[in-house]
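Q:
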Amino acid sequence: DGGITQSPKYLFRKEGQNVTLSCEQNLNHDAMYWYRQDPGQGLRLIYYSQIVNDFQKGDIAEGYSVSREKKESFPLTVTSAQKNPTAFYLCASSIWYSGANVLTFGAGSRLTVL
Amino acid sequence: DQQVKQNSPSLSVQEGRISILNCDYTNSMFDYFLWYKKYPAEGPTFLISISSIKDKNEDGRFTVFLNKSAKHLSLHIVPSQPGDSAVYFCAANSHAGGTSYGKLTFGQGTILTVHP
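Chains as they are written, first to last, in the working numbering: chain F, 8 to 121; chain Z, 1116 to 1231.
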């Protein structure tokens, strides 16, 4: 059953700690993305990767880092430099469908900073 | 700069009636538009898309209308069902300059509640 697996679903972090969110896909998609959802602000792009060993900053990359060593995996590290990390994080991968680049999302990870 | 806007935070509709969700955009380079549906604590799921060369696309109970001159799109759900209760996001994408990485710009979302 193909899809995107994000873990952990819930994560608590103390201020000053780095945390890494996992994202794995078995859809054989080349492109992967990380979005952040905050109430009333929609989804904002953090980082994306079109191919292994390459990634680009999105609109709100400050305080985050990523790696893309394997096609299936795109982990996101939330560093202590991220000023307001409490949010719902969504990983996605994409495929072309009827001319549109359609993203498939994971179930999300909710990060809370204590 | 909010390039995609959903000005109605919420919408309440009776079961069986039509739900109309609206979305406005400012970037004239957007050429594909998508609607996603999201339940609480889950990732969004793709509903329907429309290319800027069309003004309507239909899929079962869901129809998306695009008015390019007004930079406005809408999602119609007929008939509405209680299971349609969710947050709906519109999103836009531009292929200008050959970009094809799917950098979708999302609206803020509209919470749809369908009452039995």
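We put the CB at the ideal spot given by N, CA and C, even for glycine.
Does the stretch 1203–1211 of chain Z come into contact with the stretch 1139–1154 of chain Z, if we say contact requires no fewer than three beta-carbon pairs (one atom in each stretch) closer than 8 angstroms?
A: Touching, yes.
Q: Please confirm if A1156 of chain Z has its CB atom under 8 angstroms from at least one CB of chain F.
A: Answer yes: the Cβ-Cβ gap between A1156 of chain Z and chain F drops below 8 angstroms somewhere.
Q: Can you have a look at L1227 of chain Z and say buried or exposed, based on whether 16 or more other CB atoms are within 10 angstroms of its CB?
A: Its Cβ being crowded by 16 or more others within 10 Å, L1227 of chain Z is buried.
Q: According to the Cβ coordinates, are A38 of chain F and S116 of chain F closer than 8 angstroms?
A: No, the Cβ-Cβ distance between A38 of chain F and S116 of chain F is not below 8 angstroms.
Q: Could you tell me the alpha carbon to alpha carbon distance between F1145 of chain Z and T1220 of chain Z, rounded to whole angstroms?
A: Distance between the alpha carbons of F1145 of chain Z and T1220 of chain Z: 9 angstroms.
Q: Are I53 of chain F and C30 of chain F closer than 8 angstroms when you measure CB to CB?
A: No, the pair does not count as a contact, with Cβ atoms beyond the cut-off.
Q: Which value, in whole angstroms, describes the spacing of the CA atoms of R73 of chain F and Q57 of chain F?
A: Position check: residue 73 of chain F holds Val in this sequence, whereas Arg was assumed. Near 13 angstroms, if we compare the C-alpha coordinates of Q57 of chain F and V73 of chain F.
Q: With 7 angstroms as the limit, tell me which residues of the stretch 1170–1193 of chain Z have their beta carbon closer than that to any beta carbon of chain F; keep them in chain order.
A: Cβ contacts with chain F come from no residue of the stretch 1170–1193 of chain Z.
Q: Given that G1222 of chain Z touches chain F, what residues does it touch there, using C-beta distances under 8 angstroms?
A: Chain F residues near G1222 of chain Z: G49.
Q: With H, G and I counted as helix, E and B as strand and the rest as coil, what does DSSP make of D1199 of chain Z?
A: Note: D1199 of chain Z maps to helix in three-state DSSP.
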